[in-house]
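Residue numbering for the first sequence is 54 to 533, as defined by our numbering.
Quick reminder that beta carbons are idealized off the backbone N, C-alpha and C, glycines included.
Right, one structure below, let's go through it.
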Amino acid sequence: MTTIHLHNTATRKKQVFTPLDPENIRMYVCGPTVYDRAHLGNARPVVVFDVLFRLLRHEFGADHVTYVRNFTDVDDKINNTALERQKAGAEGTLEELIAERTEETIGWYHADMDALGAMRPTKEPRATQYIGAMISMIEGLIAKGHAYAKDGHVLFRVRSYAEYGALSGRSVDDMIAGARVEVAPFKEDPMDFVLWKPSGDDLPGWESPWGRGRPGWHIECSAMSHELLGPSFDIHGGGLDLQFPHHENEIAQSCCAHPGAGFASVWMHNEMLLVEGKKMSKSLGNFFTVRELLDQGYAGEVIRFVMLSTHYRKTMDWTEKKAQEAEKTLWEWHALAKDVQPSAPSAALVDALSDDLNTHAAITELHRQANVLMAFEAGADLPDSFDADQAYSQFVGSAQLVGLMTPEVSDWAENAYDLSGLEMLLESYRSQAMQTKDFSAVDRLKNSLIEAGVEVRMSKSGVELLAGSNFNPEKLAGLA
RNA sequence: GGUGGGUUGGCGGAGAGGUUACGCACCGGAUUGCAAAUCCGUGAAGACCGGUUCGAUUCCGGUACCCACCUCCA
Numbered sequence: 054m055t056t057i058h059l060h061n062t063a064t065r066k067k068q069v070f071t072p073l074d075p076e077n078i079r080m081y082v083c084g085p086t087v088y089d090r091a092h093l094g095n096a097r098p099v100v101v102f103d104v105l106f107r108l109l110r111h112e113f114g115a116d117h118v119t120y121v122r123n124f125t126d127v128d129d130k131i132n133n134t135a136l137e138r139q140k141a142g143a144e145g146t147l148e149e150l151i152a153e154r155t156e157e158t159i160g161w162y163h164a165d166m167d168a169l170g171a172m173r174p175t176k177e178p179r180a181t182q183y184i185g186a187m188i189s190m191i192e193g194l195i196a197k198g199h200a201y202a203k204d205g206h207v208l209f210r211v212r213s214y215a216e217y218g219a220l221s222g223r224s225v226d227d228m229i230a231g232a233r234v235e236v237a238p239f240k241e242d243p244m245d246f247v248l249w250k251p252s253g254d255d256l257p258g259w260e261s262p263w264g265r266g267r268p269g270w271h272i273e274c275s276a277m278s279h280e281l282l283g284p285s286f287d288i289h290g291g292g293l294d295l296q297f298p299h300h301e302n303e304i305a306q307s308c309c310a311h312p313g314a315g316f317a318s319v320w321m322h323n324e325m326l327l328v329e330g331k332k333m334s335k336s337l338g339n340f341f342t343v344r345e346l347l348d349q350g351y352a353g354e355v356i357r358f359v360m361l362s363t364h365y366r367k368t369m370d371w372t373e374k375k376a377q378e379a380e381k382t383l384w385e386w387h388a389l390a391k392d393v394q395p396s397a398p399s400a401a402l403v404d405a406l407s408d409d410l411n412t413h414a415a416i417t418e419l420h421r422q423a424n425v426l427m428a429f430e431a432g433a434d435l436p437d438s439f440d441a442d443q444a445y446s447q448f449v450g451s452a453q454l455v456g457l458m459t460p461e462v463s464d465w466a467e468n469a470y471d472l473s474g475l476e477m478l479l480e481s482y483r484s485q486a487m488q489t490k491d492f493s494a495v496d497r498l499k500n501s502l503i504e505a506g507v508e509v510r511m512s513k514s515g516v517e518l519l520a521g522s523n524f525n526p527e528k529l530a531g532l533a
């Protein structure tokens with residue numbers, strides 16, 4: 054078995070991954086707040102941890118990995134959307150409108166992430182399904198002196214947890230000195246954060262020992278990870294922006310509620326994303342959702358390829374140029390390995406991923422394999438040991454380990470348009486022209502095909518037509 | 001102010017203290033009716049200043065610039 058190394062944010066080191074229980078690897082990744090379409094930045098952790106999920110399944114067996122990714126469906130942004138709809142005259146109670154909004158958003162999320170070839174996690178809990186677990190966790194924290202109730206709020210007492218700040222490398226005093234913390238009258242200390250807050254009649258709420266209210270943002274992940282994975286598990290992931298305060302607060306809550314359990318062994322954070330060198334923002338006009346990209350004609354597989362071409366701990370720049378290069382590469386690979394059944398991935402590819410998810414090295418390895426196949430097709434001299442069938446199937450199997458060239462994402466490139474009629478026509482024109490030396494008809498047809506985005510390959514062995522990535526079937530009308 | 005990250009050839013983007021990264025683009029050649037595709041090959045790098053070393057783009061220190069987080073955010 055390959056040794057997997059992962060970079061642990063908590064120790065700032067790359068470490069050998071040793072499962073707590075090889076029979077059941079457990080991973081928790083912070084999922085989306087379901088108030089709107091997922092934007093491109095939301096997609097990065099999905100793709101990153103999907104690759105990790107696939108690697109772990111490959112190494113430990115598909116039935117021995119549990120991947121939990123939550124939906125945050127308690128949130129003021131959702132409430133606001135529902136309130137706006139109600140004001141605009143939408144039918145139904147606020148609770149119903151909220152449920153409607155979260156349902157539709159979850160549906161979008163699934164559709165968009167499916168398009169990127171991301172496997173569904175083993176479990177996708179929703180915060181609203183675990184309110185009871187959150188309440189009992191909060192009660193436990195109060196009982197141990199780690200939290201206190203005041204004015205309908207419950208707050209976590211940051212000073213009661215000596216390790217607070219260890220994950221993000223901050224000290225409580227430094228942060229207070231930064232003076233960018235909200236000082237609320239019900240807080241003992243400015244850094245204390247909300248576990249529970251009161252809800253007015255116009256907001257969703259649940260009955261609790263502290264009155265009708267709703268949970269703070271951080272407690273849900275502590276409660277759900279505990280319910281579904283236990284007090285200690287292997288990997289906790291998310292975007293780097295969650296490192297503080299979200300994950301810091303999760304650690305404080307979970308470790309105080311379950312002392313000695315250890316909580317997550319490895320913390321992994323993906324870096325943020327830029328668009329054409331700039332932070333994605335609505336004001337710059339470079340903000341877009343995954344759906345918008347898909348609708349513009351970028352295949353989900355292309356988006357995935359671009360994501361994988363940068364290591365997850367580096368800032369990724371989404372550019373039009375990269376997307377086009379990715380599309381071209383994938384198009385060639387699909388043409389190369391059409392209808393090939395996958396076999397086991399190459400050791401080099403598994404090694405690349407095992408080195409802290411070096412997806413870029415994995416792509417380099419795929420290029421290497423593709424180049425061998427192209428050389429083979431061109432009739433190059435290859436070692437006697439070369440086994441073509443094996444090479445093709447290993448290529449596809451390798452690509453599939455990173456979620457490329459799977460049946461789920463291959464439609465865009467493999468929806469074959471039947472060009473065989475035109476192929477035969479061009480072939481006959483050409484063989485005539487070989488006799489007459491008049492190539493005008495051949496050139497006319499060839500240029501029309503190129504104009505329509507078809508790649509024309511003519512060689513001694515015959516004519517081959519391949520639809521290119523800019524193929525436009527409408528332009529073929531009348532050619533045959 | 002605090003914390004963390006980055007700066008590699010035309011572009012993207014890795015690894016490794018000493019031997020070609022890789023992809024795309026470019027250039028030369030083969031091939032082709034002309035092309036395309038393919039094959040062969042050339043060129044091109046490591047922000048700046050010091051230090052360690054026989055040798056550093058790779059380790060250490062400093063400078064400059066860029067970025068992110070510290071507030072909802074993947």
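Beta-carbon proximity list for W302, same chain, < 8 Å, skipping 5 on both sides
If you number the first sequence from 1, residue 302 lands on position 249. Reading off the sequence, residue 302 comes out as Asn, not Trp. A distance below 8 Å between beta-carbons, with the five flanking residues on each side excluded, links N302 to the following residues of its chain, in chain order: F209, F246, H271.
Quick check on this structure: which residue in M277, Q139, P262, S399 has the alpha carbon closest to the alpha carbon of I195?
Here residue 195 corresponds to residue number 142 of the first sequence, with the count starting at 1. Among M277, Q139, P262, S399, the Cα nearest to that of I195 belongs to P262.
Please list, in chain order, all residues of the same chain as Y201 whose beta carbon is under 8 Å from its beta carbon, the five residues on each side excluded.
Translated into positions along the first sequence, residue 201 becomes position 148. If you ignore the 5 residues before and after Y201, its C-beta comes within less than 8 Å of the C-beta of I195, V207, L208, R210, E241, all in its own chain and listed in chain order.
What's the gap between the Cα of I151 and the Cα of E354?
For this step, residue 151 is matched to residue 98 along the first sequence. For this step, residue 354 is matched to residue 301 along the first sequence. Distance between the alpha carbons of I151 and E354 is about 32 Å.
So what's Q68 in DSSP terms, helix, strand or just coil?
For the purposes of this step, residue 68 is identified with residue 15 of the first sequence, where counting begins at 1. In this structure, Q68 counts as strand in the three-state DSSP scheme.
Quick one: Cα of R107 to Cα of P75, how far?
Locating residue 107 in the first sequence gives position 54, where the first residue counts as 1. Locating residue 75 in the first sequence gives position 22, where the first residue counts as 1. Approximately 15 Å, taken between the alpha carbons.
Name the residue from K335, W371, Y365 whose alpha carbon lies nearest to the alpha carbon of Y351.
The count along the first sequence starts at 1 and reaches residue 351 at position 298. Nearest C-alpha to Y351: W371.
How many angstroms separate the CA atom of G338 from the CA atom of F524?
One-based indexing of the first sequence puts residue 338 at position 285. One-based indexing of the first sequence puts residue 524 at position 471. So the two alpha carbons sit approximately 29 Å from each other.
With distance defined between alpha-carbon atoms, name the residue in G253, M80, A168, E144 nearest to P174.
On the first sequence, residue 174 is found 121 positions in, with the first residue counted as 1. Nearest option by C-alpha distance: M80.
Provide the residue span of the beta strand (DSSP E) that contains L327, from first to last.
In the first sequence, residue 327 corresponds to position 274, counting from 1. Counting along the chain, the beta strand (DSSP E) containing L327 begins and ends at 326-328.
With three or more C-beta pairs closer than 8 Å as the rule, is the stretch 173-190 touching the stretch 120-138?
Per the Cβ contact rule, the stretch 120-138 is in contact with the stretch 173-190 (3 or more Cβ pairs under 8 Å).
According to DSSP, is H92 part of a helix, a strand, or is it coil?
Against the first sequence, residue 92 aligns to sequence position 39. Strand.
What first and last residue would you give for the beta strand (DSSP E) that runs through W259?
Taking the first residue of the first sequence as 1, we reach residue 259 at position 206. Segment: none, W259 is in no beta strand (DSSP E) and carries neither H nor E.
With distances taken from CA atoms, which of A143, F286, A494, A466 is nearest K391?
For the purposes of this step, residue 391 is taken as the residue at position 338 of the first sequence. Considering only A143, F286, A494, A466, the residue with the shortest C-alpha distance to K391 is A466.
Just tell me which of T55, L472, N61 has its CA closest to the CA of Y365.
Here residue 365 refers to the residue found at position 312 of the first sequence. Taking only the C-alpha atoms, the option nearest Y365 is N61.
Which residues in the same chain have their Cβ closer than 7 Å to the Cβ of I304, if we skip the five residues on either side of it in sequence?
As a position in the first sequence, residue 304 is number 251, starting the count at 1. Taken in chain order, the residues that qualify are L220, F316.
By a C-beta neighbour count over all protein chains shown, 10 Å radius and 16 as the cutoff for buried, is K197 buried or exposed?
Here residue 197 is taken as the residue at index 144 of the first sequence, counted from 1. Per the 10 Å Cβ criterion, exposed.
Would you call the CB atoms of A96 and V359 closer than 8 Å?
Position 43 of the first sequence, counted from the first residue, corresponds to residue 96. Position 306 of the first sequence, counted from the first residue, corresponds to residue 359. Taking 8 Å as the Cβ cut-off, A96 and V359 do not qualify as a contacting pair.
With respect to the alpha helix (DSSP H) encompassing G450, which residues constitute its N-terminal and C-terminal limits?
Taking the first sequence and counting its residues from 1, one reaches residue 450 at position 397. Note, G450: alpha helix (DSSP H), 441-454.
Count the other CB atoms within 10 Å of the CB of D287; is the residue buried (16 or more) or exposed (fewer)?
The residue labelled residue 287 in the question sits at position 234 within the first sequence. D287 should be labelled buried.
With a cut-off of 8 Å on the beta carbons, I'd call S252 and G269 a contact; round off their distance for me.
Counting from 1 along the first sequence, the entry for residue 252 is found at position 199. Counting from 1 along the first sequence, the entry for residue 269 is found at position 216. About 12 Å separates the Cβ atoms of S252 and G269, ruling out a contact at the 8 Å cut-off.
Cβ pair count under 8 Å reaching 3, the stretch 127-137 against the stretch 289-299
In short, these stretches do not touch, since the Cβ pair count stays below three.
In the DSSP assignment, find the unbroken beta strand (DSSP E) run with I288 in it and report its ends.
Within the first sequence, the letter at position 235 stands for residue 288. 285-292 is the extent of the beta strand (DSSP E) around I288.
On the CB-based measure, 16 or more other CB atoms within 10 Å of its CB, does T368 come out buried or exposed?
Position 315 of the first sequence, counted from the start, is the residue given in the question as residue 368. T368 should be labelled exposed.
Grouping DSSP H, G and I as helix and E and B as strand, with all else coil, what is G4?
No information on residue 4 is available, as it lies outside the stretch 54 to 533 that the chain covers here.
Just to confirm the assignment, what range does the beta strand (DSSP E) spanning M458 have?
Position 405 of the first sequence, counting from 1, holds the residue named residue 458. From DSSP, M458 is part of no beta strand (DSSP E); its letter is neither H nor E.
Which one of E153, C83, E144, M54 has the shortest CA to CA distance from D89?
Here residue 89 refers to the residue found at position 36 of the first sequence. Of the listed residues, the one whose Cα sits closest to D89 is E153.
Quick one: is V69 buried, meaning 16 or more other Cβ sit within 10 Å of its Cβ, or exposed?
To locate residue 69, count along the first sequence from 1; it is residue 16. It is exposed - the Cβ of V69 has fewer than 16 other Cβ atoms within 10 Å.
For M190, I'd like the list of residues in its chain whose CB is within less than 6 Å of its CB, leaving aside the five on either flank, ordered along the chain.
Within the first sequence, numbered from 1, the residue matching residue 190 stands at position 137. Correct list, in chain order: A276, A310.
Nearest CA to the CA of F340: which residue from D348, E144, D255, V328?
One-based indexing of the first sequence puts residue 340 at position 287. Ranking D348, E144, D255, V328 by Cα distance to F340 puts V328 first.
Given this structure, state the Cα-to-Cα distance separating C83 from G290, to the nearest angstrom.
Here residue 83 is taken as the residue at index 30 of the first sequence, counted from 1. Here residue 290 is taken as the residue at index 237 of the first sequence, counted from 1. The alpha-carbon atoms of C83 and G290 are separated by roughly 7 Å.
Rounded to whole angstroms, what's the CA-CA distance from I57 to S407? Just pull it up for me.
Position 4 of the first sequence holds residue 57. Position 354 of the first sequence holds residue 407. The straight-line gap from Cα to Cα measures roughly 4 Å.
So what does DSSP say about Y81, is it helix, strand or coil?
Reading the first sequence from its first residue, position 28 is the one you call residue 81. Judged by DSSP in its simplified three-state form, Y81 adopts strand.
Mapping DSSP to helix, strand and coil, what is E144?
Locating residue 144 in the first sequence gives position 91, counting from the first residue. In the structure shown, E144 sits in coil (DSSP, three-state: anything other than H, G, I, E or B).
According to DSSP, is A171 helix, strand or coil?
As a first step, residue 171 must be located in the first sequence, where it is residue number 118. Of the three classes helix, strand and coil, the one that applies to A171 here is coil, per DSSP.
T55 versus D404 - alpha carbon distance
Residue mapping note: residue 55 aligns to position 2 of the first sequence, counting from 1. Residue mapping note: residue 404 aligns to position 351 of the first sequence, counting from 1. Rounded to the nearest whole angstrom, the CA to CA distance from T55 to D404 is 7 Å.
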